[in-house]
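Structure first, then comments.
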Amino acid sequence: MNEYTNAVEAKGLTKRFGKFTAVDSVDFTIPRGEIFGLLGPNGAGKTTTIRMLCGLLLPDAGSATVQGFDVASQPEEVKQRIGYMSQKFSLYNDLTVLENIRFYAEIYGLPAERRATRVEELIEMAGLKDFKHEPTHTLSGAWRQRLALACAIVHNPPMLFLDEATAGVDPVSRREFWDLIYALAGEGVSVLTTTHYMDEADYCNTIGMMYQAELIALASPDEIKDELPGVLVQVDCERPVEASEILQGLPEVHNVAVHGAQVHVTLKHEWQARKIGTALTYAGFAVHSMETIQPSLEDAFISMVMQRQSRATQVPGQPQNRSIA
Amino acid sequence: MNRLWTIMKKELFHIWRDPRTMAMILLLPALLLILLGYGISGESLNTTLAVVDFSKTDESRAYIERFTVSEDFELLYDAASEDELIDLIDRDLVDVGMILPENFGRKLSTGKQAPVQVLVDGSMNPTDALTVQLKLSAISQMASQDILIERITRSGVGQNLQLPILDTVRTLYNPNGDQKLYMIPGLIPILLQVQTLILSALAIVREREQGTMEQLIVTPVKPWELMLGKIIPYLLVSIINLFILLWLGDLLFGVQVAGNFWELIGLSLIFIIGSLGMGVLISNISQSQMQAIYVAIFIVLIPAIILSGLLFTRENMPAVTYWYSELLPVTHFLEITRGIIVRGAGAQTLLWSSTVPLVGLSVLYFVASVLVFRKRI
């Protein structure tokens, strides 16, 4: 093994498609054994970043190493040492579960004597025992995803890339899937994941927030929540969606997001809470309760994106007090 | 090397897991050979004839009979007028119309020149039209000749008059002018071309469209392993096709290989490898299966059918068309199959005209198909 301390080191990583810049000078490192989450809206450049790190796309500028190997000049060395799960299910539908795992075991060049035990081990781990001889197209989404994970780690890679691996899977299955990922991380596997689920982001050691090709925040989930400007007030009132529209029009309100039956309102100062309570009552909405809460990652995420959006559209000289949903 | 075997196994699984695809791949070329073999190689063309005989004499009837006794013409209508005759041709009921004027018999019997007007439907295939014209004038001239000899003999000028030239034409290789012997050795290369190209043109792009390629190229698999692993199973399938086609050609059409059988098989393998390579090349540069099929059909398959020499001779083609057809391996392979099957010629005899171009192009397309693949998105 060569000498490296970080599983991933990206410096000024950039990818352009024609005039469009998909990833703009992104820097980050992932220490060995850490789970790193890449968050951001669709089209922010997360998948492109992962593809560059996997050696599937050539960076236009900057560089990156994975497990100490340069992704541009040593892609085959990188590929030996990584597992990859893409957004789309990408195994062979007409092959059985066993055949798919065996296929990848052979492709990754597992020695014949270790192959059988490793395949059994993975089937055990993924809980696929009952489906061993089923053609893959008969599996449900959650099982396919476990199979895909099994195929991706068949060669015991020290680094795992998950590109929205849990998209479209039910919460219980997601939870079970993450237990598997945690177990792998516990064994020292480094993980880079992208996701839209904020509860999954909370599992990560470090989070990188991407927005319009740039990395706009890089910190632990708690740090990111703390960085949220102002205070977050949870308003429990009638007709939350309509109420949010009223709230958006108020000058004190920084940001509004509906969370189920409640409305999360970001204010500059805590004392402004009473003002918006009054405004809502005046507008004919019965306010049941109002309390200052600890912001969730989702609040932080939405707030950050909103700030960026309004900064981009803001007319110079005007106060920035409102966000366009 | 183990990885190559792994990929081959997977490709073979794909083929035989799906019985419908499997049946299509194995049966369709054979069915098409039967269909086209009987269809295109109909025996010598039968020309239909209508006659207006204004003369109605022994002479005119004897003249018409010369055409009807030959197997080539079939008298369908006795028309009453020239208009009716033209109408019959207009409606495509007959190919040829013949008008014998009222004075035909009288002029002939008095030793004068008797006029005959013949109308040929020019909307038919020009080659057929030309053949019909040649046959018509040959029969007519034969009639003139016989009448002339008879007159001279009768006048007592010459006894035992003979024609000055006696020609003996001997057709080599296909003495009976059997169309099947010409068409079947041409159809086999074309069917193999369609088969190999369609199979391989989808090979890479299908996986790209399904998303399975992305998973495959993040592994350490080598491009040549992937390309060969895809080509070899199709090579096996195509070899089965080749044997079925040769066997059916013998069984149903009596077309046997006059030359060295194994030489034919060897060159067929080279052709198949080259054209699978061409397909994989198309697959590599296509973004979707739709694109690959379009390129395969419009750039290779239609030109292969029209320009390869299956239907028309290539010698008279304009330069651009001629050189385009030279770039298609099937053109050279077709020369070889006709050479070996019909003439019993060897690869040696056809070395520079066909064998070298076939091998050269096949190697070129095959190597290009492996080199052009990139393990990137």
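For the protein sequence lines, the chains are G and E, in the order given. Per numbering that gives the first Met the number 0, the very first residue in the first sequence carries number 0; after that it's consecutive. Per numbering that gives the first Met the number 0, the very first residue in the second sequence carries number 0; after that it's consecutive. For glycine and all other residues, C-beta sits at the position ideal for the given N, C-alpha and C. Since we're looking at a predicted model, the values are computed, not measured.
Is the beta carbon of residue i sitting closer than 8 Å to the one on residue j?
i                      : j                      : result
residue 93 of chain G  : residue 16 of chain E  : yes
residue 285 of chain E : residue 279 of chain E : no
residue 37 of chain G  : residue 7 of chain G   : no
residue 88 of chain E  : residue 120 of chain E : yes
residue 303 of chain G : residue 208 of chain G : yes
residue 93 of chain E  : residue 75 of chain E  : yes
residue 284 of chain G : residue 236 of chain G : yes
residue 40 of chain G  : residue 210 of chain G : yes
residue 59 of chain E  : residue 138 of chain E : no
residue 59 of chain G  : residue 95 of chain G  : no
residue 45 of chain E  : residue 73 of chain E  : yes
residue 277 of chain G : residue 229 of chain G : no
residue 223 of chain G : residue 206 of chain G : yes
residue 357 of chain E : residue 331 of chain E : yes
residue 140 of chain G : residue 171 of chain G : no
residue 251 of chain E : residue 33 of chain E  : yes
Out of curiosity, what's the CA-to-CA distance linking residue i and residue j?
i                      : j                      : result
residue 176 of chain G : residue 282 of chain E : 36 Å
residue 0 of chain G   : residue 218 of chain E : Confidence at residue 0 of chain G is low in this model, with a pLDDT of 46, below 50, so its placement is unreliable and the value that follows should be read with caution. Cα-Cα distance, rounded: 19 Å.
residue 291 of chain G : residue 280 of chain G : 18 Å
residue 47 of chain G  : residue 56 of chain G  : 8 Å
residue 372 of chain E : residue 276 of chain E : 12 Å
residue 173 of chain G : residue 165 of chain G : 6 Å
residue 70 of chain G  : residue 311 of chain E : 55 Å
residue 368 of chain E : residue 274 of chain E : 10 Å
residue 374 of chain E : residue 222 of chain E : 7 Å
residue 242 of chain G : residue 295 of chain G : 21 Å
residue 97 of chain G  : residue 89 of chain G  : 15 Å
residue 199 of chain G : residue 45 of chain G  : 16 Å
residue 156 of chain G : residue 82 of chain G  : 6 Å
residue 64 of chain G  : residue 147 of chain G : 25 Å
residue 317 of chain G : residue 9 of chain G   : Model confidence at residue 317 of chain G stands at a pLDDT of 43, short of 50, so the residue's coordinates are unreliable; what they give is reported in the following sentence. Those two C-alpha atoms are separated by around 37 Å.
residue 42 of chain G  : residue 245 of chain E : 56 Å
residue 302 of chain E : residue 326 of chain E : 11 Å
residue 21 of chain E  : residue 15 of chain G  : 43 Å
residue 343 of chain E : residue 364 of chain E : 28 Å
residue 191 of chain E : residue 28 of chain E  : 8 Å
residue 78 of chain E  : residue 300 of chain E : 46 Å
residue 26 of chain G  : residue 215 of chain E : 28 Å
residue 313 of chain E : residue 321 of chain E : 7 Å
residue 219 of chain G : residue 11 of chain G  : 21 Å
residue 241 of chain E : residue 187 of chain E : 8 Å
residue 202 of chain E : residue 215 of chain G : 42 Å
residue 106 of chain E : residue 163 of chain E : 27 Å
Using a Cβ-Cβ cut-off of 6 Å (strictly less than) and excluding sequence neighbours within five positions of residue i, which residues of its own chain qualify?
i                      : result
residue 204 of chain G : 33 and 34
residue 244 of chain G : none
residue 145 of chain G : 125
residue 309 of chain E : 185 and 189
residue 9 of chain E   : none
residue 377 of chain E : The displayed coordinates of chain E run from 0 to 376. Any statement about residue 377 of chain E would go beyond what the structure contains.
Quick one: what's got a C-beta closer than 7 Å to residue i's C-beta in the same chain, skipping five residues either side?
i                      : result
residue 184 of chain E : 254, 336, 337, 340 and 341
residue 121 of chain G : 100, 149 and 153
residue 298 of chain G : 227, 231, 256 and 263
residue 54 of chain G  : 70, 74, 77 and 78
residue 287 of chain E : 204 and 208
Among residues of its own chain, excluding the 5 on either side of residue i, which ones have a beta-carbon nearer than 8 Å to its beta-carbon?
i                     : result
residue 53 of chain E : 98, 99, 100, 101 and 103
residue 80 of chain G : 65, 66, 68, 156, 157 and 158
residue 2 of chain E  : 220, 221, 224 and 228
Taking only beta carbons into account, state which residues of the segment 69-87 of chain G come closer than 8 Å to chain E, listed in chain order.
-> 74, 75, 78, 79, 81, 83, 85 and 87
Do the segment 330-339 of chain E and the segment 246-258 of chain E make contact, defined as three or more Cβ pairs closer than 8 Å?
-> yes
Which of the residues in the segment 97-116 of chain G, read from start to end, lie with their CB under 8 Å from any CB of chain E?
-> 98, 102, 103, 105, 106, 107 and 108
Check whether the segment 183-195 of chain G touches the segment 18-26 of chain G, counting contact only when three or more Cβ pairs, one atom from each stretch, lie closer than 8 Å.
-> no
Taking a Cβ distance cut-off of 7 Å, strictly less, list which residues of the segment 226-242 of chain E are near chain G, in chain order.
-> none
Three or more beta-carbon pairs under 8 Å between the segment 191-206 of chain E and the segment 47-57 of chain E, yes or no?
-> Taking one beta carbon from each stretch, the segment 191-206 of chain E and the segment 47-57 of chain E have fewer than 3 pairs nearer than 8 Å; the two do not touch.
For the segment 7-33 of chain E, which residues have a beta carbon sitting closer than 9 Å to at least one beta carbon of chain G?
-> 8, 9, 12, 13, 16 and 17
Relative to chain G, which residues along the segment 206-223 of chain E have a C-beta separation below 7 Å, given in chain order?
-> 210, 211, 213, 214, 216, 217, 218, 219 and 220
Give the residues from the segment 358-376 of chain E that approach chain G closer than 8 Å (Cβ to any Cβ), ordered along the chain.
-> 374, 375 and 376
Touching or not, the segment 262-272 of chain E and the segment 234-246 of chain E, by the rule of three or more beta carbon pairs under 8 Å?
-> yes
Could you please tell me which residues of the segment 186-203 of chain E, in chain order, have their CB closer than 9 Å to any CB of chain G?
-> none
Contact residues within the segment 175-192 of chain G, judged by C-beta distance below 8 Å to chain E | none
Interface positions of the segment 111-145 of chain G facing chain E (Cβ-Cβ less than 9 Å), listed along the chain | 111 and 134
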